[in-house]
Amino acid sequence: MADALVIGAGPAGLMAAETLADQGLSVQVVDAMPTAGRKLLMAGKSGLNLTKDEPFEQFIKAYGPHGAWMRPALTGFGNRDVGPWAEALGQAVFTGTSGKVFPETMKASPLLRNWLARLADKNVVLKTRWHWQGWQNGALVFDTPEGRQTRTPLATVLALGGASWPRLGSNGGWAKILADQGISLAPFEPANMGARVDWSGHMNRHFGSALKNVTLKSGNKTRKGEFVITAQGLEGSLIYDFSPELRADLPLLLDLCSDLTLAQVTDRLAKVPAKNSLSNALRKALRLTPPAIALLMEFAKPPQPRAAWAGHLKALNVTYSGIAGIERAISVAGGIQKSSLDDCFMLTDLPGVFCAGEMLDWEAPTGGYLLTACLATGRMAGLGAAAYFHTQQRERPSQP
Ligand SMILES: Cc1cc2nc3c(=O)[nH]c(=O)nc-3n(C[C@H](O)[C@H](O)[C@H](O)COP(=O)(O)OP(=O)(O)OC[C@H]3O[C@@H](n4cnc5c(N)ncnc54)[C@H](O)[C@@H]3O)c2cc1C
Numbered sequence: 004m005a006d007a008l009v010i011g012a013g014p015a016g017l018m019a020a021e022t023l024a025d026q027g028l029s030v031q032v033v034d035a036m037p038t039a040g041r042k043l044l045m046a047g048k049s050g051l052n053l054t055k056d057e058p059f060e061q062f063i064k065a066y067g068p069h070g071a072w073m074r075p076a077l078t079g080f081g082n083r084d085v086g087p088w089a090e091a092l093g094q095a096v097f098t099g100t101s102g103k104v105f106p107e108t109m110k111a112s113p114l115l116r117n118w119l120a121r122l123a124d125k126n127v128v129l130k131t132r133w134h135w136q137g138w139q140n141g142a143l144v145f146d147t148p149e150g151r152q153t154r155t156p157l158a159t160v161l162a163l164g165g166a167s168w169p170r171l172g173s174n175g176g177w178a179k180i181l182a183d184q185g186i187s188l189a190p191f192e193p194a195n196m197g198a199r200v201d202w203s204g205h206m207n208r209h210f211g212s213a214l215k216n217v218t219l220k221s222g223n224k225t226r227k228g229e230f231v232i233t234a235q236g237l238e239g240s241l242i243y244d245f246s247p248e249l250r251a252d253l254p255l256l257l258d259l260c261s262d263l264t265l266a267q268v269t270d271r272l273a274k275v276p277a278k279n280s281l282s283n284a285l286r287k288a289l290r291l292t293p294p295a296i297a298l299l300m301e302f303a304k305p306p307q308p309r310a311a312w313a314g315h316l317k318a319l320n321v322t323y324s325g326i327a328g329i330e331r332a333i334s335v336a337g338g339i340q341k342s343s344l345d346d347c348f349m350l351t352d353l354p355g356v357f358c359a360g361e362m363l364d365w366e367a368p369t370g371g372y373l374l375t376a377c378l379a380t381g382r383m384a385g386l387g388a389a390a391y392f393h394t395q396q397r398e399r400p401s402q403p
């Protein structure tokens with residue numbers, strides 16, 4: 004039997020497995036799906052954003068209130084480490100203008116392929132279609148193609164993911180198993196998800212259009228970026244940034260003229276001769292694109308005196324009707340709470356069981372923050388599990 008068992012072959016689990024192997028342990032990784040890393044592969048379909056190149060203190064702010072909890076793991080393996088890690092796996096990386104770091108191929112498949120090969124070279128054994136069912140009489144129980152299997156490793160790492168995109172394997176089914184063991188869990192909620200809007204028929208022709216260099220405000224948060232108009236509502240990194248505010252149903256204000264002050268917008272509009280239609284005035288004076296004009300009309304509802312439009316342009320009330328479901332969200336909020344874990348992510352009520360990745364109760368926006376924290380917590384859990392294994396071995400009564 005392997006010294007350590009890792010359940011879940013996503014980025015967090017594979018990082019934990021490699022860390023354990025590097026610490027000299029024999030390691031087995033199991034996953035319920037037929038192949039490893041399905042969500043990682045999906046992440047690569049839209050351009051695999053590995054991390055963000057920015058000063059560490061700025062980087063950690065993206066984790067909001069969870070930053071303090073994530074700090075030790077991200078100090079051990081942070082945004083500066085992800086690029087060299089990917090390059091060691093044969094994936095040259097580049098940094099985009101916004102600081103986002105991507106593999107040159109943009110995909111996850113070559114990285115995952117090389118990573119699995121490197122793990123095999125380190126004698127890490129991967130078993131797929133092994134579905135963890137929980138514990139029975141202290142043993143981990145799995146449904147497998149060979150029937151029911153039990154394992155009792157000295158150290159276990161759970162890296163079972165969140166609950167978004169359940170068809171990729173991470174369906175959150177583990178939450179009930181851990182809740183039954185008395186572990187504190189925050190309920191799952193979608194994170195990095197779209198805002199739903201009940202569009203009028205006028206918007207149909209703008210589905211798929213992007214709005215760039217716009218600013219959103221909600222509560223005391225202001226961010227500049229871009230989003231896309233879709234049949235369901237609004238999606239894209241700028242919308243995802245406001246996941247906590249959208250979940251709390253807070254008002255969302257859109258500034259369509261980010262680079263101009265209210266006075267400048269008012270002044271420019273006033274200079275357009277009154278005989279021009281409003282659309283013409285917006286196009287000529289402010290260079291607004293047709294999708295931006297359509298959004299303005301949709302949310303601000305004409306007729307209104309021309310003088311009122313400057314205010315709407317700088318603070319357009321985005322009337323969204325809700326948020327997209329967890330099944331299409333990029334990530335989740337919620338999961339195992341800090342209070343249930345020690346500094347190495349071991350469940351204090353279940354000694355020898357460590358947890359990593361998205362199953363922990365933290366959230367972060369898109370921009371590579373998700374993968375970086377999954378890798379960092381996987382590494383930390385792996386180090387903790389290896390130390391636990393060595394302590395247990397030392398303390399074991401020697402065999403006669
Ligand atoms: C469309 C999309 C795009 C994304 N793009 C990016 C991006 O560009 N950058 C970024 O940083 N992040 C991105 N992400 C998020 C990122 O992919 C996840 O945060 C990351 O994969 C989570 O890693 P994890 O190892 O914690 O969990 P997962 O990758 O979800 O892996 C968990 C594994 O556990 C297995 N499992 C679950 N339950 C059981 C069980 N009972 N028994 C056995 N195995 C089980 C699952 O099959 C799965 O393989 C994206 C996500 C999506 C959906």
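Read in order, the letters of the sequence shown correspond to residues 4 to 403 in our numbering. C-beta atoms are modelled at their ideal positions from N, C-alpha and C, and glycine is treated no differently. Source: prediction; values computed, not measured.
- For ALA194 against LEU188, the beta-carbon gap comes to about 15 angstroms, at or over 8 angstroms, which does not count as contact.
- Inter-residue distance for PHE302 and CYS260 is about 16 angstroms (C-alpha atoms, whole angstroms).
- Annotation for PHE105: GLY50, LEU51, ASN52, LEU53, VAL96, PHE97 and GLY99 place their beta carbon closer than 7 angstroms to its own, counting only its chain and skipping 5 residues before and after.
- Placement of the Cβ of MET36 at a distance of less than 6 angstroms from at least one heavy atom of ligand 1 is found.
- Excluding the 5 residues flanking it on each side, ILE10 has same chain C-beta neighbours closer than 6 angstroms at VAL33, TRP135 and LEU161, in chain order.
- Only residues of its own chain outside the window of five on either side were considered, and among them PHE62, ASN82, GLY102, LYS103, VAL104, GLY370, GLY371 and TYR372 have a CB closer than 7 angstroms to the CB of LYS55, listed in chain order.
- Between VAL356 and THR159, the CB-CB gap stays under 7 angstroms.
- For GLY328, the shortest C-beta to heavy atom distance toward ligand 1 is 6 angstroms or greater.
- Within the model, the alpha-carbon separation for VAL268 versus LEU289 is close to 7 angstroms.
- Among the bridge pairs identified by DSSP, ILE242 is matched with none.
- Per DSSP, the unbroken alpha helix (DSSP H) holding ASN283 starts and ends at 281–289.
- Residue nearest to SER342 within the set ARG331, GLY328, ILE329 and CYS358 is CYS358 (criterion: CA-CA distance).
- Taking all protein chains in view, the Cβ of ASP244 is crowded by 16 or more other Cβ atoms within 10 Å, so the residue is classified as buried.
- Under the rule that a run must span 4 or more residues, the alpha helix (DSSP H) segments found entirely inside the segment 60–107 read 70–79 and 82–91.
- Cβ atoms of SER112 and GLY164 stay farther apart than 8 angstroms, at about 19 angstroms.
- Per the Cβ contact rule, the segment 69–81 is in contact with the segment 375–390 (3 or more Cβ pairs under 8 angstroms).
- In this structure the segment 64–78 does not lie against the segment 125–133, because fewer than three pairs of beta carbons, one per stretch, are closer than 8 angstroms.
- In this chain, the beta strand (DSSP E) harbouring CYS358 covers 356–358.
- When rounded, the separation of the alpha-carbon atoms in THR147 and THR153 is 10 angstroms.
- Rounded to the nearest whole angstrom, the CA to CA distance from ALA379 to SER324 is 36 angstroms.
- It is roughly 34 angstroms from the alpha-carbon of VAL275 to the alpha-carbon of ASN223.
- Segment contact: the segment 308–323 against the segment 343–353, fewer than three CB-CB distances shorter than 8 angstroms; contact not assigned.
- Looking at the DSSP output, SER221 shares a beta bridge with LYS224.
- The continuous beta strand (DSSP E) containing SER334 extends over residues 334–339.
- Rounded to the nearest whole angstrom, the C-alpha separation of TRP133 and MET36 is 7 angstroms.
- When DSSP reads this structure, PHE145 sits in a beta bridge with TRP135 and GLN152.
- ASP25 has its alpha-carbon roughly 31 angstroms from the corresponding atom of PRO169.
- Taking a contact to require three or more Cβ pairs closer than 8 angstroms, the segment 231–244 and the segment 203–221 qualify as touching.
- Checking the 6 angstroms criterion, the Cβ of SER324 is out of range of every heavy atom belonging to ligand 1.
- When GLY360, ALA20 and TRP177 are compared, the shortest CA-CA separation from MET73 is found for GLY360.
- If you draw a straight line from the Cα of LYS110 to the Cα of TRP312, it comes to about 43 angstroms.
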